[in-house]
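Here the working numbering is used: the first residue of the sequence shown is 1, the next is one more, and so on.
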Amino acid sequence: MLKLIIPFLIILNGITMSQDNNFIHSLSESHSLFCEKKINDRRFKHKDIVPLIKSLKNNKDFIVKKAGESVNKRDIYLISWGTGPKKIFMWSQMHGDESTATMALFDIFNFLKDNEHFKEFKDELKTKVTLYFMPMVNPDGAEVFKRRNYFDIDINRDAIRQQTPEGLTLRKTFDSLKADFGFNLHDQVIYHTTGINYKSAALSFLAPAPDYEKTITPLRERAMRLIAKLFTELSTIIPGHIGKYNDDHETRAFGDNFQKWGTSTILIETGGWKDDPEKQFLRKLNFIALISSFKGIMEESYNKFEVSVYNSIPFNEEYLKDVILKNVTYELKGKKYLVDVAILREEKSSKDSNNYYYKSSVDDIGDLSVFSGYEEYDLTGMTLEKGQTYNKRFHHEADVLKQDIRKLYKKGFTNVIVKHLSEENFTKIPFNIVESKYKVDETLNLNESADFIIKQNDKVKYVMVNGFLYDVDNNLGEIKNGMVR
């Protein structure tokens with residue numbers, strides 16, 4: 001009899017997995033129907049989401065409560081939907097500059113409000129599960145798009161001492177809900193890869209360890225199985241782009257402690273994706289992952305997935321750079337060297353925190369064949385030199401734009417001198433602005449700005465200003481911003 005049952009179970013399991021894959025692909029195809037259009041970039045504020053949260057009060061299926069306040073008296077909300085016995089608690093933007101999942105939560109609200117699509121699934125979900133959402137735990141940090149709260153305390157290191165009002169609100173809410181599952185929603189640096197390869201870690205998961213011994217408790221094992229399910233399904237959409245976050249125990253962190261205090265906790269870290277600086281595709285992946293989790297928890301289908309699948313997920317490594325210039329020749333003291341040059345673009349908030357600019361620097365030089373870049377340029381047969389300063393003084397930045405930009409580039413200039421400057425540290429003109437006494441160091445050094453001219457057959461082929469490459473011959477490429485030095 002057993003010999004007959006096992007093949008049947010294997011077939012049944014295969015049918016279930018196929019149905020789940022169809023489900024997430026349907027979510028992927030329909031996401032645009034639910035995408036909250038009033039939030040379409042990463043630097044939204046508390047004031048942008050409050051009207052959206054309050055509008056949920058008009059829908060009988062949602063309950064909206066004030067859970068607490070930030071240091072600066074911004075309200076922190078708890079939103080619930082459903083009446084089922086299984087409780088799922090999600091909290092986002094504990095770090096103010098990690099906003100991708102918050103965007104996804106508002107897409108999920110629209111999904112739940114919709115009466116036309118996925119109706120059968122939502123009708124069942126409503127009676128079997130209760131969803132709890134706490135978007136933007138750190139509204140003061142979000143206001144200036146920084147990680148920490150107003151007092152510069154990392155809220156995610158305040159689970160034990162409980163000195164931040166935001167952390168206290170999160171802990172009190174957790175204690176009151178006694179949720180079966182918790183989702184700790186974050187963003188990580190975009191340079192993580194899924195193991196030692198060239199693929200960005202678009203999403204990284206973790207079932208946090210409840211102790212330094214990394215004990216696999218029943219609650220943690222349940223989280224591992226759910227992650228195994230998500231990894232299997234999402235790999236059909238983003239194969240090779242799913243990693244595992246470092247599993248060392250952090251005794252001060254909420255996720256690690258929630259795992260210890262009785263809730264199966266899943267960390268989701270959103271990483272990077274090529275040509276997605278505002279993380280709109282990554283927002284969609286969060287939307288899919290969370291709704292698929294709801295389905296898996298409702299049906300308890302995560303039990304079909306083995307912990308070995310979770311263990312097979314590669315840990316995050318850092319083998320990504322913003323830009324890599326490959327195989328370029330660089331001359332120093334009469335000798336030519338064949339090198340790769342890696343460049344990082346650091347995102348900085350402008351004085352108006354709604355906006356940002358990039359400050360680039362040389363991150364590495366040499367044989368960088370084990371690394372990959374979001375942008376890569378093979379410069380075989382070309383030479384790299386430092387960009388020079390145009391010696392004419394301009395009165396205003398706008399005067400620079402009246403010049404023949406390509407002609408200045410072809411003469412090797414990446415810097416200009418401007419008398420009257422704005423108060424910002426950056427400029428939107430496609431040059432750096434420097435003082436008349438500014439001297440270019442001809443030596444290629446780490447941590448210096450990435451301002452180069454690249455020649456082919458002794459003629460300028462490319463110019464790089466502040467880490468952005470422009471093809472002089474073909475008018476290709478965009479200098480996002482220059483720096484004021």
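Ideal placement from N, C-alpha and C gives every residue a C-beta, glycine not left out. All of these numbers come straight from a predicted model, not from anything done at the bench.
In whole angstroms, give me the CA-to-CA distance for T217 and A223.
In the sequence shown, the residue the question calls residue 217 occupies position 217. In the sequence shown, the residue the question calls residue 223 occupies position 223. Rounded to the nearest angstrom, the two C-alpha atoms are 10 Å apart.
Given 8 Å as the limit, is there contact between the region 338-350 and the region 359-374, that is, 3 or more CB pairs closer than that?
yes
Cβ atoms of N110 and F34: under 8 Å apart, would you say?
In the sequence shown, the residue the question calls residue 34 occupies position 34. In the sequence shown, the residue the question calls residue 110 occupies position 110. Yes, Cβ-Cβ distance for F34 and N110 is below 8 Å.
Per-residue burial, T127 [other beta carbons within 10 Å of its own, 16 or more giving buried]
As a first step, residue 127 must be located in the sequence shown, where it is residue number 127. T127 is exposed by the Cβ-count criterion.
Who are the Cβ neighbours of E278 in its own chain at under 6 Å, not counting the five residues just before and after it?
On the sequence shown, position 278 is the one that residue 278 refers to. Hits under 6 Å: D41 and R42.
Taking Cβ positions, are I365 and L446 nearer each other than 8 Å?
Residue 365 sits at position 365 when you count from the first residue of the sequence shown. Residue 446 sits at position 446 when you count from the first residue of the sequence shown. Cβ distance < 8 Å, so I365 and L446 count as in contact.
What are the partner residues of Y377, as DSSP defines its beta bridges?
As a working note, residue 377 is residue 377 in the sequence shown. Y377 is bridged to L325.
Short Cβ contact (8 Å threshold) for F294 with L168
As a position in the sequence shown, residue 294 is number 294, starting the count at 1. As a position in the sequence shown, residue 168 is number 168, starting the count at 1. Going by C-beta atoms, F294 is not nearer than 8 Å to L168.
With DSSP as the reference, identify every bridge partner of A342, one or two as the case may be.
Working through the sequence shown from its first residue, we reach residue 342 at position 342. I324 and D364.
Buried or exposed for G381, please, with buried defined as at least 16 other CB atoms from any protein chain shown within 10 angstroms of its CB.
The sequence position of residue 381 within the sequence shown is 381, counting from 1. Taking a 10 Å sphere around the C-beta of G381, we find fewer than 16 other C-beta atoms and assign the residue as exposed.
How would you label N138, buried or exposed, when you count the other beta carbons within 10 angstroms and need 16 or more for buried?
Start at 1 with the first residue of the sequence shown, and residue 138 comes out as number 138. So N138 counts as buried.
State the beta-bridge partners of R393 as determined by DSSP.
Looking up residue 393 in the sequence shown gives position 393. Answer by DSSP bridge pairing, in chain order: I417.
Please check the pair E221 and D20, which I expect to be a contact at CB under 8 Å, by giving their CB distance rounded to whole angstroms.
Position 221 of the sequence shown, counting from 1, holds the residue named residue 221. Position 20 of the sequence shown, counting from 1, holds the residue named residue 20. 20 Å between Cβ atoms; not a contact.
Cβ separation of E306 and A228, assumed to be a contact under 8 Å, to the nearest whole Å:
For the purposes of this step, residue 306 is taken as the residue at position 306 of the sequence shown. For the purposes of this step, residue 228 is taken as the residue at position 228 of the sequence shown. Rounded, the Cβ-Cβ distance is 6 Å, consistent with contact.
Residue from E423, G84 and I160 with nearest C-alpha to F254:
Looking up residue 254 in the sequence shown gives position 254. Closest option to F254, Cα to Cα, is I160.
Does any residue of chain D have a CB that is nearer than 8 Å to the CB of R74?
The displayed structure is made up of one protein chain only, and chain D is not part of it.
Throw me the rounded Cβ distance for the L320 and T193 pair, which I believe falls under 8 Å.
The residue given as residue 320 occupies position 320 in the sequence shown. The residue given as residue 193 occupies position 193 in the sequence shown. Confirmed, about 5 Å.
Have a look at K480 and I53 and give me their C-alpha separation to the nearest angstrom.
Mapped onto the sequence shown, residue 480 falls at position 480. Mapped onto the sequence shown, residue 53 falls at position 53. Spanning the two alpha carbons is a distance of roughly 34 Å.
Runs of 4 residues minimum, wholly inside the region 151-182: which ones carry the alpha helix (DSSP H) assignment?
165-177
So who's on the other strand from S200, going by DSSP bridges?
The residue given as residue 200 occupies position 200 in the sequence shown. Note: S200 sits in a beta bridge opposite T193.
Sort D378, Y374 and F431 by Cα distance to L399 and report the nearest one.
For the purposes of this step, residue 399 is identified with residue 399 of the sequence shown, where counting begins at 1. Residue identity check: residue 399 is Asp in the sequence provided, not Leu. For D399, the nearest C-alpha among the options comes from F431.
For G182 versus T100, is the C-beta distance shorter than 8 Å?
Locating residue 182 in the sequence shown gives position 182, counting from the first residue. Locating residue 100 in the sequence shown gives position 100, counting from the first residue. No. Outside cutoff.
Between which residues of its own chain and F258 is the CB-CB distance below 7 Å, once the five residues before and five after are set aside?
Walking along the sequence shown from the start, residue 258 turns up at place 258. Only F174, G182 and T265 meet the Cβ criterion.
CA-to-CA distance, K419 to H395, given in whole angstroms
Counted from its first residue, the sequence shown places residue 395 at position 395. Counted from its first residue, the sequence shown places residue 419 at position 419. One C-alpha to the other measures close to 5 Å.
Residues bridged to M483 by DSSP?
To locate residue 483, count along the sequence shown from 1; it is residue 483. Beta-bridge pairing links M483 to F426.
With 16 as the cutoff for other CB atoms within 10 Å, does Q188 come out buried or exposed?
Indexing the sequence shown from 1 puts residue 188 at position 188. Answer is buried; the Cβ neighbour count reaches 16.
Does the Cβ-Cβ distance between I108 and L290 come in under 8 Å?
One-based indexing of the sequence shown puts residue 108 at position 108. One-based indexing of the sequence shown puts residue 290 at position 290. Against a cut-off of 8 Å, the Cβ pair of L290 and I108 comes out as a contact.
Decide yes or no for the touch test of the region 234-252 against the region 60-74: beta carbon pairs closer than 8 Å, at least 3 of them.
no
Burial state of S369 (16 or more Cβ within 10 Å)
Here the question's residue 369 lines up with position 369 in the sequence shown. Result: exposed.
Which residue wins for smallest C-alpha separation from D441, given the options G68, I190 and L332?
Here residue 441 is taken as the residue at index 441 of the sequence shown, counted from 1. The option with the nearest alpha carbon to D441 is L332.
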